[in-house]
Amino acid sequence: MSDWGLKDLTAWDDRICAIAKNHGLDWYPITYETCDYFEMLGNMSYHGMPTHYGHWSYGKSFEVQRQQYQAGMTGLPYELIINSNPCISYLMKENPLHLQILIMAHCVGHSDFFKNNRSFAFTRADTVVPRMRNAKKRIQSYIEDPSIGIEAVEAVIDSAHALSYQVPRFPCEIEDLLEKRKAWMDFHKENLDSGKMSEDQYNKLPQEPEYDILGFIGQHARKMKDWERDIIEIIRDEAYYFMPQIRTKTMNEGWACFWHYKILHELDLPQEYHIPFLKSHNQVVRPHVGSMNPYHLGFYLFNKIEERHGIEECFLARDVHHDESFIRQYLTQEDCEELNLFSFNDNPDTIEITEVSDEEGWKHVKNILLGQIGGNSIPRIYVDDVDEDVLILHHEHDGARDLEISHATKVIQHTMELWKNEVKLITIVDDAPYEI
Amino acid sequence: MGSVFSHHNTNADRSAGDRRRHKQKIEKAIKEGVHDIVAEESIIGQDGKKKIRIPVKGIKEYRFVYGSNSGQKAGSGGDADVQKGKKFAKGKKKRKGKPGRAGNEKGEEYYEVEVTLEELTEYLFKDLNLPELEKKRMKEIMSQEYRRKGYRNEGIRPRLSKKETAKRRIKRKKAAERAGTYDPESGEDFGYIENDLRYKHIKVDTKYATNACIFFVMDVSGSMSREKKYLARSFFFLLYHFIRSKYEKTEIVFVAHDTQPYEVDEDKFFNRGSSGGTLVSPALEYVLEQAEKRFNPRSWNVYTFHCSDGDNWMSDMQKAVEASNRLKEMCQFYGYCEIEPSQNDSLTWMNEDGGLSKVYGWMEDEKFKVVRITKKNDVWDAFKKFFGGKL
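Going down the list, the protein sequences come from chains L and U. Heads up, the first sequence is in my numbering, so the first residue is 445 and it goes up one at a time. Heads up, the second sequence is in my numbering, so the first residue is 324 and it goes up one at a time.
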């Protein structure tokens with residue numbers, strides 16, 4: 445079935461690593477595990493984590509992916525790699541050698557990105573695998589605890605998952621919010637004493653908008669049991685860990701493609717591998733008409749940066765940018781035209797093109813693109829106030845997009861389960877204030 | 324610095340536990356959602372292969388998301404000629420309907436599972452059993468039946484289905500082509516893999532060669548509103564399919580009544596409006612008489628289910644109780660279901676001093692049960708009270 449053995453992989457890997465090193469890439473060592481497609485699906489359901497706590501939603505995700513795969517709607521991804529030190533990546537046994545070579549070259553790019561991009565600075569890649577293992581053990585112990593049980597644990601995870609994307613976007617350490625509050629109070633004590641700040645202002649909870657909703661609930665909900673707080677902390681930790689990947693999807697994939705393509709040219713592959721390699725590469729970075737393929741856009745942009753500013757600028761971008769700032773800075777009108785970008789209204793039955801990338805339209809198109817890139821497709825919600833133990837959340841409306849109210853209502857119900865008291869969400873629907 | 328290679332040696336099927344849990348959730352949701360499906364379906368004349376879409380609640384995960392109707396999106400045009408203001412009709416392809424799930428987008432609280440009637444009965448009734456009552460003569464005749472039942476991933480060689488196996492490979496090949504992992508022009512051989520193999524599955528069924536007849540009796544007098552009939556219909560649907568799944572042959576008799584009993588067909592049974600008062604005993608007498616005449620209760624398993632809103636003329640109460648007692652003797656099971664939607668009803672005054680359910684209350688035993696349904700969600704619980712007593 446496969447045309448390769450571990451020996452082939454090792455040999456090609458050595459050459460890939462040598463080339464990458466030569467170019468100044470600096471990555472976490474990679475551990476490759478070979479698995480069959482079924483195991484691959486299993487690993488995908490858990491985001492590639494070697495161990496992960498169980499929850500029915502991962503079973504569902506497995507079923508959905510398997511159904512899609514078997515119905516031929518999607519192929520399996522070529523690569524699955526996690527941000528850990530060492531990185532763990534999976535190679536599917538069913539894949540032919542040229543694809544494995546491509547994947548290994550690609551993974552070096554990802555690993556380099558994980559290690560160097562600023563967004564990942566606080567993801568603690570050294571400890572993520574044991575952290576997840578530990579989390580699994582703790583959750584398992586709550587499930588086995590006769591006074592808690594699986595139903596209760598599941599209910600808390602269900603609710604916490606509903607809020608799992610609601611953590612700060614910018615790279616930061618996970619803070620102890622109680623300590624943060626205390627520090628703030630110490631800092632502003634003077635203002636209180638001198639009367640610059642009113643008592644109410646000083647004691648307000650939270651003093652400033654808090655985007656870390658899970659953290660806030662976990663630390664400030666009054667009637668919460670310790671095991672519930674612990675589960676929330678686990679999910680919060682994972683949310684902080686994954687947020688940088690959401691924020692840099694385009695760059696990360698672009699960087700990995702940029703490098704596997706460069707490495708290809710220096711690998712001196714025999715013809716029988718070279719052509720299929722190129723074919724696979726073209727498949728990966730082809731444009732998806734009507735949507736944005738992050739592999740395509742990222743690959744394109746890194747090439748353009750190299751062309752316009754030299755390779756040094758590429759490395760700089762890899763260090764400091766995230767998708768939004770990356771595109772904002774580097775995507776030019778010429779690029780928009782070349783990529784044939786357009787904006788559209790997605791109506792129920794029709795697609796209506798609103799602007800194309802010409803002289804007057806490209807800025808609009810770029811702005812729309814920026815609104816859906818990285819974490820920007822996730823609405824921003826923050827904790828605004830706690831009024832007589834009622835948790836008040838605010839949606840930061842971007843002026844264009846309303847929340848899906850049916851979903852938001854469910855999320856608020858989940859939030860109430862955790863907060864164990866009333867929760868309000870204030871947003872705007874059809875230009876009018878709206879409250880859930 | 325080279326990388327490290329190893330064979331994956333964790334538990335091969337790591338998501339098995341979570342999948343099981345997910346499946347349990349679906350099954351539970353199906354049971355809870357069952358009242359929504361059944362009322363739409365006609366009770367008889369379906370062959371078990373018909374697909375039913377069941378809305379399943381609560382399996383979905385919710386997060387804060389943007390609504391589907393707000394804001395524009397951006398995309399790349401590839402080589403397509405894009406022009407401002409141009410409109411495209413969305414092709415069917417755009418709808419990413421997944422098999423077994425509705426292809427609907429955001430904002431939908433349900434996600435639908437498509438099952439056949441057969442599977443549905445299996446889901447619903449596998450834990451439930453008929454009350455073990457006196458055995459009818461015919462029940463002792465058992466027959467073993469070998470039936471083909473679908474395909475399985477595992478099996479013995481002689482049962483390998485070449486056709487299904489070939490189909491799997493073709494599917495996988497097409498999938499690979501679309502995903503770009505396989506190029507049909509390359510001339511590479513696209514071989515079979517273990518997972519393609521499909522075996523015919525043979526199921527052995529032990530069946531009691533028995534017959535059942537069901538009398539569905541319903542009050543169609545003026546006080547039975549559409550809503551009440553709708554609830555009754557859901558309930559009858561469950562009862563019918565449950566009993567049908569346990570017997571070889573099932574006959575149904577629909578008896579509508581106001582002050583008179585009428586034997587009608589299914590359509591008339593549910594849709595015929597009527598007015599006037601209610602007398603229960605004539606209908607019960609009619610059932611007794613017909614059962615005796617057409618089905619020999621000594622060899623047929625007779626079931627009688629009566630749905631009503633509990634109204635009956637006071638003068639008829641005593642007669643109804645007597646008839647019910649005799650019915651109970653004759654039937655394998657006799658169930659009475661009182662339907663009273665919770666909303667205000669001008670006729671509820673009649674129930675204040677005791678509708679039929681109160682009068683029947685003291686007669687309840689394992690052959691005769693009384694349930695009350697006030698809303699859709701009660702249907703399943705009521706059903707369980709009839710047949711799930713041993714759960």
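Glycine included, each C-beta is placed from N, C-alpha and C at the ideal position.
With its beta carbon less than 9 angstroms from one in chain U, residue 740 of chain L belongs to the interface.
By the rule that beta-carbons nearer than 9 angstroms mark a contact, residue 698 of chain L does not touch chain U.
Collapsing the DSSP output to three states places residue 709 of chain U in a helix. By DSSP's assignment, residue 758 of chain L forms no beta bridge with any residue. Residue range 794–800 is occupied by the beta strand (DSSP E) that includes residue 794 of chain L. Within the same chain, Cβ atoms closer than 7 angstroms to the Cβ of residue 609 of chain U are found at 578, 584, the five residues on either side in sequence being excluded.
Residue U/651 holds the alpha-carbon nearest to the alpha-carbon of residue 692 of chain U among U/404, U/651, U/701, U/589. Taking 9 angstroms as the CB threshold, residue 826 of chain L stays off the interface with chain U.
If you draw a 10 Å sphere on the C-beta of residue 527 of chain U, you find fewer than 16 other C-beta atoms in it, and that means exposed.
Annotation: the continuous alpha helix (DSSP H) that includes residue 593 of chain U extends over 589–594. Interface with chain L (9 angstroms Cβ-Cβ cutoff): residue 403 of chain U is included. Per DSSP, the continuous beta strand (DSSP E) segment holding residue 629 of chain U begins and ends at 624–631. Just measuring C-alpha positions, the residue of L/453, L/460, L/447 sitting nearest residue 712 of chain L is L/460. Unbroken beta strand (DSSP E) runs of no fewer than 3 residues, entirely contained in the segment 494–564 of chain U, are found at 522–531, 534–542, following chain order. When DSSP states are grouped into helix, strand and coil, residue 831 of chain L belongs to the strand group.
Taking a Cβ-Cβ cut-off of 7 angstroms, residue 770 of chain L has no neighbours in chain U, whose nearest Cβ is about 15 angstroms from it. For the set L/623, L/694, L/646, the Cα lying nearest the Cα of residue 664 of chain L is the one of L/623. Beta-bridge analysis with DSSP links residue 578 of chain U to U/540, U/586. Under a criterion of Cβ atoms nearer than 8 angstroms, the residues of chain U adjacent to residue 474 of chain L are, in order, 326, 327. The Cβ atoms of residue 688 of chain L and residue 615 of chain L sit closer than 9 angstroms to each other. DSSP places residue 578 of chain L outside any beta strand (DSSP E); the residue lies instead in the alpha helix (DSSP H), whose first and last residues are 572–588.
Only those residues of the segment 827–858 of chain L whose C-beta falls short of 9 angstroms from the nearest C-beta of chain U are listed: 839, 842, 844, 845, 846, 847, 848, 849, 850, 851, 852, 853, 854, 855, 857, 858. For residue 344 of chain U, the nearest CB of chain L lies under 9 angstroms from its own CB, placing it at the interface with that chain. Counting only runs of at least 3 residues, the segment 462–497 of chain L fully encloses the following beta strand (DSSP E) elements, listed from N- to C-terminal order: 474–479. Under a 10 Å Cβ-count criterion, residue 845 of chain L is classified as buried, with 16 or more other Cβ atoms of the shown protein chains found around its own Cβ. The three-state reading of DSSP puts residue 692 of chain L in coil, since its state is none of H, G, I, E or B. Residue 640 of chain L counts as exposed, since fewer than 16 other C-beta atoms from the protein chains shown sit within 10 angstroms of its C-beta. Straight-line spacing of the CA atoms in residue 493 of chain U and residue 486 of chain U works out to 11 angstroms. Listed by position along chain U, the residues whose Cβ is nearer than 7 angstroms to that of residue 609 of chain L are 386.
For the C-beta of residue 747 of chain L, not a single chain U residue is nearer than 7 angstroms; the gap to the nearest is close to 15 angstroms. For residue 476 of chain L, same chain residues with a beta-carbon under 6 angstroms away, outside a window of 5 residues either side, are 533, 535 in chain order. Closer than 9 angstroms at the C-beta level to chain U, one finds these residues of the segment 495–511 of chain L: 495, 496, 498, 499, 500, 501, 502, 503, 504, 505, 506, 507, 508, 511. Checking the DSSP bridge columns, you'll see residue 526 of chain L partnered with L/532. Annotation: residue 815 of chain L to residue 777 of chain L spans about 17 angstroms, alpha carbon to alpha carbon.
For residue 797 of chain L, the neighbours in chain U by C-beta distance under 7 angstroms run, in chain order, 405, 406, 407, 408, 409.
Cβ neighbours of residue 576 of chain L within its own chain (closer than 7 angstroms, five residues either side excluded): 493, 495, 496.
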